[in-house]
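**Q** Using our numbering, the letters of the sequence shown map in sequence onto residues 1115 to 1561.
Positions of the beta carbon are idealized from the N, C-alpha and C atoms, including for glycine.
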Amino acid sequence: MARTFHLLTVAALLAWLAGPGRAAEMLAASVSSVTAADAARHVEALADDAFEGREGGTRGGRAAAAYIVEQIEPLGFKPAGDDGSWYQAFGAGLRNVLALLPGRDPGLAGELVVVGAHYDHVGYGTERNSFGPFGFVHNGADDNASGVAGLIEVMEALQRLPEPPRRSILIAFWDGEEKGLLGSNHFVRERPALLVEHRPVFSINLDMIGRLRNERLVVYGARTAEGLRRRLVAANNDPRAAAGLELAFDWDILEDSDHYPFIAGRVPTLMFHTGLHDQYHRPSDDVELVNFDGIPPVARLTLAMATEIAETPQRPLFRAAAQAESNATRRRLEERRPPGGPSRGRWGIVTRADPGEPGTPIVIAVTSGSPARRAGLQPGDRLLAVADRSPASQAEMVEQLRLAGDECRVTVERRGRTREITMRVVEQTSESSSEDKEADEAAHHDD
Ligand SMILES: [Zn+2]
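(1) Can you round the beta-carbon distance between F1287 and Y1233 to whole angstroms, since I take them to be within the 8 Å contact cut?
(2) DSSP has A1231 in a bridge; who is on the other side?
(3) So the candidates are F1245, F1376, A1434 and L1189; which of them puts its Cα closest to the Cα of G1297?
(4) Would you please state the rounded distance, in angstroms, between the beta carbons of T1525 and T1532? I believe it to be under 8 Å.
(5) So what's D1407 in DSSP terms, helix, strand or just coil?
(6) From the DSSP output, in three-state form, read off A1336 for me.
(7) Just checking D1502 against ligand 1 - is the residue's beta carbon closer than 7 Å to any of the ligand's heavy atoms?
(8) Specify the secondary structure class of V1464 as computed by DSSP and reduced to three states.
(9) Looking at C-beta atoms only, is the number of pairs between the segment 1411–1419 and the segment 1318–1330 that lie closer than 8 Å three or more?
(10) Assuming contact is defined by CB atoms lying nearer than 8 Å, are A1436 and G1470 in contact in what I supplied?
(11) From the beta carbon of P1382, is the nearest beta carbon of chain E less than 8 Å away?
(12) At which residues does the beta strand (DSSP E) containing R1528 begin and terminate?
(13) Note down the Cα distance separating E1304 from V1228, rounded to an integer number of angstroms.
(14) Beta-carbon within less than 8 Å of A1178's beta-carbon, same chain only, minus the 5 sequence neighbours each way: which residues are those?
(15) Kindly indicate which residue of D1289, A1307, P1247 and G1519 has the alpha-carbon position closest to the one of D1197.
(16) Identify which residue in P1314, L1361, R1487 and T1172 has its Cα closest to the Cα of R1429.
(17) For A1357, which residues in the same chain have their Cβ closer than 6 Å to its Cβ, ignoring the five residues on either side in sequence?
(18) Per DSSP, what are the beta-bridge partners of T1532 in this structure?
(19) Along the alpha helix (DSSP H) that carries H1156, what are the first and last residues, could you check?
(20) Who are the near neighbours of V1480 in its chain, counting only those whose CB is closer than 7 Å to its CB and skipping five residues on each side?
(21) Given the structure, does H1395 come close to ligand 1, in the sense that its CB is under 7 Å from one of the ligand's heavy atoms?
(22) Rounding to the nearest angstrom, what Cα-Cα distance links L1368 and R1337 in this structure?
(23) Exposed or buried, what is V1540 when buried is set at 16 or more other beta-carbons lying within 10 Å of its beta-carbon?
(24) What is the DSSP secondary structure of R1496, counted as helix, strand or coil?
(25) Can you give me the Cβ contacts of R1218 inside the same chain, cut-off strictly under 8 Å, excluding the 5 residues immediately before and after it?
(26) For R1274, which residues from the same chain have a beta carbon less than 7 Å from its beta carbon, with the 5 sequence-adjacent residues on both sides left out?
(27) Could you tell me if T1240 is buried or exposed, where buried requires 16 or more neighbouring beta carbons within 10 angstroms of its beta carbon?
(28) For H1120, which residues from the same chain have a beta carbon less than 6 Å from its beta carbon, with the 5 sequence-adjacent residues on both sides left out?
(29) If you draw a straight line from the C-alpha of Q1514 to the C-alpha of D1502, how long is it?
(30) Quick check: F1301 and Q1202, are their CB atoms within less than 8 Å of each other?
(31) List in chain order: all unbroken alpha helix (DSSP H) runs of 4+ residues lying wholly within the segment 1297–1381.
(32) Leaving out the 5 sequence neighbours to the left and right, which residues in its chain are closer than 7 Å to D1468 when beta-carbon positions are compared?
(33) Alpha carbon to alpha carbon, what distance is there between L1431 and R1354?
(34) Pick helix, strand or coil for A1126, following the three-state DSSP scheme.
(35) Are there any heavy atoms of ligand 1 lying less than 7 Å away from the beta-carbon of P1369, as far as the coordinates show?
(36) By Cβ distance below 6 Å, which residues in the same chain neighbour G1230 in space, the five residues on each side in sequence not counted?
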């Protein structure tokens, strides 16, 4: 794979410290601590009726926070709440649970990668927060015991890294999400003394990751920084993380979960979500419907991505334009080119530049019978690399394609998964050779 190098940076460093071979083993060991059985144990505990639906500020909510603290206390993180405690208290008896893994690079440890999940839910449900029936315990197994379980698994894996990444990683269990994103909003405005000098530079929000179907994970926020999609795809395809999910990139940015206060605060942020369902905000969102096997791959992707961002000196830079984009923007950009356009070059590909991801042009047309079509390229694919070289722009990629010989290997992303595709010019018809000179000029910009 062309772009699976970021974790390799960590691996290279570890290899230097620990001797060859050992590093990959150690990272693999950290990933292997993420298990469906552990995730199931946490979901079952948090979705127990004893917690009465974990409403923020109630005794059930407080008991759920205590359960989380009991689970994370042995993991070697630093309590990052008020006065050396795990809790950041706010509002009417609400509490975030905060745990810090201090970064090892003194120059970057002040920058925070925040990985969060809300642990509260709607208690017994009212007409304001439930689709009913009201008055019964809403266990919120998917919403969001699943995210909490995944996050505890991420912590356990982080603890097993032979040393922490350069930047600090803050694990946050938010309270009061269901009351209006209260916990994450509070944190963005006001941080406990330990974190006052720290600055969030990236965040991941896990909300409802318990219903993975057909390995399809919905990803919000990938356009909040240039290169974020490419980095996430690399993490998803890293063999050590073994996530291998199908990523559905959703371009809408809604004020509906804890990613929003971060994005509003100009912090590049991703949210992972396995989709809505008929039990959403009803008492029937319970453990028997959770796909426990689906939580580990999402946790491993979270781990790989958080670690990569925390380790790589170049941090993602916030891209404000993302807030003005939506799925309508996506549809316009990915729209197939109507047939009968100008030359498509000898490979038979038309691409379109994406202003949000300049290095990964979108394939919008593939000529029938062309080398690209024969090799299996499809409209909607993203071109990540030509012969293992990642271009900085669409123009650079068009040039790389033009300069290639009669055989050209491209790295392509299709719904979050990468594949290597080798295109071959089998025979030159008189028509196609006449097109050679203007090969791939058909690739055009669209903005
Ligand atoms: Zn909810």
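**A** Short version:
(1) The residue you call residue 1287 lines up with position 173 of the sequence shown. The residue you call residue 1233 lines up with position 119 of the sequence shown. About 5 Å separates the two Cβ atoms, so the contact holds.
(2) As a position in the sequence shown, residue 1231 is number 117, starting the count at 1. Partner(s): F1287.
(3) Here residue 1297 refers to the residue found at position 183 when the sequence shown is read from its first residue. Looking at the Cα atoms, F1376 is the closest of the given residues.
(4) What you label residue 1525 is simply residue 411 of the sequence shown in a count that begins at 1. What you label residue 1532 is simply residue 418 of the sequence shown in a count that begins at 1. About 6 Å; that satisfies the 8 Å criterion.
(5) Taking the first residue of the sequence shown as 1, we reach residue 1407 at position 293. It is helical.
(6) Here residue 1336 refers to the residue found at position 222 when the sequence shown is read from its first residue. If DSSP states are grouped into helix, strand and coil, A1336 belongs with coil.
(7) As a first step, residue 1502 must be located in the sequence shown, where it is residue number 388. Not so, every heavy atom of ligand 1 lies at least 7 Å from the Cβ.
(8) Taking the first residue of the sequence shown as 1, we reach residue 1464 at position 350. Strand, per DSSP.
(9) Taking 8 Å as the limit for Cβ pairs, the verdict is that the segment 1318–1330 does touch the segment 1411–1419.
(10) Counted from its first residue, the sequence shown places residue 1436 at position 322. Counted from its first residue, the sequence shown places residue 1470 at position 356. A contact, by the Cβ cut-off of 8 Å.
(11) Looking for chain E here will not work: only one protein chain is present.
(12) For the purposes of this step, residue 1528 is identified with residue 414 of the sequence shown, where counting begins at 1. Counting along the chain, the beta strand (DSSP E) containing R1528 begins and ends at E1521 to R1528.
(13) Locating residue 1304 in the sequence shown gives position 190, counting from the first residue. Locating residue 1228 in the sequence shown gives position 114, counting from the first residue. Roughly 15 Å separates the two Cα atoms.
(14) Locating residue 1178 in the sequence shown gives position 64, where the first residue counts as 1. Excluding residues within five positions, the ones whose Cβ falls inside 8 Å are L1160, F1165, R1168, Y1233 and D1234.
(15) The residue labelled residue 1197 in the question sits at position 83 within the sequence shown. Ranking D1289, A1307, P1247 and G1519 by Cα distance to D1197 puts A1307 first.
(16) Taking the sequence shown and counting its residues from 1, the one referred to as residue 1429 is at position 315. Comparing alpha carbon positions, the residue from P1314, L1361, R1487 and T1172 closest to R1429 is P1314.
(17) Taking the first residue of the sequence shown as 1, we reach residue 1357 at position 243. These residues qualify, in order along the chain: N1350, P1411, R1414 and L1415.
(18) Within the sequence shown, the letter at position 418 stands for residue 1532. For T1532, which the question treats as bridged, DSSP gives the partners E1527.
(19) Position 42 of the sequence shown, counted from the start, is the residue given in the question as residue 1156. Its alpha helix (DSSP H) spans residues A1150 to L1160.
(20) For the purposes of this step, residue 1480 is taken as residue 366 along the sequence shown, with counting starting at 1. For V1480, where only same-chain residues beyond five positions count, the Cβ hits under 7 Å are G1462, I1463, A1486, R1487, L1491, Q1492 and P1493.
(21) Walking along the sequence shown from the start, residue 1395 turns up at place 281. Of the heavy atoms belonging to ligand 1, at least one sits nearer than 7 Å to the Cβ of H1395.
(22) Locating residue 1368 in the sequence shown gives position 254, where the first residue counts as 1. Locating residue 1337 in the sequence shown gives position 223, where the first residue counts as 1. One C-alpha to the other measures close to 14 Å.
(23) The residue you call residue 1540 lines up with position 426 of the sequence shown. Counting Cβ neighbours within 10 Å, V1540 comes out exposed, since fewer than 16 surround it.
(24) Along the sequence shown, read from residue 1 onward, the residue named residue 1496 stands at position 382. In the structure shown, R1496 sits in a strand (DSSP, three-state: E or B).
(25) Locating residue 1218 in the sequence shown gives position 104, where the first residue counts as 1. Result list for R1218: E1277, P1278, P1279 and R1280, in chain order.
(26) Translated into positions along the sequence shown, residue 1274 becomes position 160. The answer, listed in chain order, is A1143, S1144 and S1147.
(27) Locating residue 1240 in the sequence shown gives position 126, where the first residue counts as 1. With fewer than 16 other Cβ atoms within 10 Å, it is exposed.
(28) Counted from its first residue, the sequence shown places residue 1120 at position 6. Only weak support exists for where H1120 lies, its pLDDT of 45 falling under 50; the coordinates are left without a value.
(29) Reading the sequence shown from its first residue, position 400 is the one you call residue 1514. Reading the sequence shown from its first residue, position 388 is the one you call residue 1502. C-alpha separation (whole angstroms): 11 Å.
(30) As a working mapping, residue 1301 is identified with position 187 in the sequence shown. As a working mapping, residue 1202 is identified with position 88 in the sequence shown. Their beta carbons are under 8 Å apart, which means F1301 touches Q1202 by this criterion.
(31) Taking only runs of at least 4 residues, the alpha helix (DSSP H) segments lying wholly in the segment 1297–1381 are 1342–1351 and 1373–1378.
(32) Counting from one through the sequence shown, the residue named residue 1468 turns up at place 354. Excluding residues within five positions, the ones whose Cβ falls inside 7 Å are L1447, T1474, P1475 and I1476.
(33) What you label residue 1354 is simply residue 240 of the sequence shown in a count that begins at 1. What you label residue 1431 is simply residue 317 of the sequence shown in a count that begins at 1. Roughly 26 Å between the two C-alpha positions.
(34) Locating residue 1126 in the sequence shown gives position 12, where the first residue counts as 1. In this prediction, A1126 scores a pLDDT of 48, lower than 50, which makes its location untrustworthy; the coordinate-derived value is nonetheless stated afterwards. Three-state DSSP puts A1126 in a helix.
(35) Within the sequence shown, the letter at position 255 stands for residue 1369. One point to set straight first is that residue 1369 is Glu, not Pro, in the sequence displayed. Flag unset: Cβ of E1369 not near ligand 1.
(36) Your numbering for residue 1230 matches position 116 in the sequence shown. Excluding sequence neighbours, G1230 sits near A1286, W1288, N1319 and D1372.
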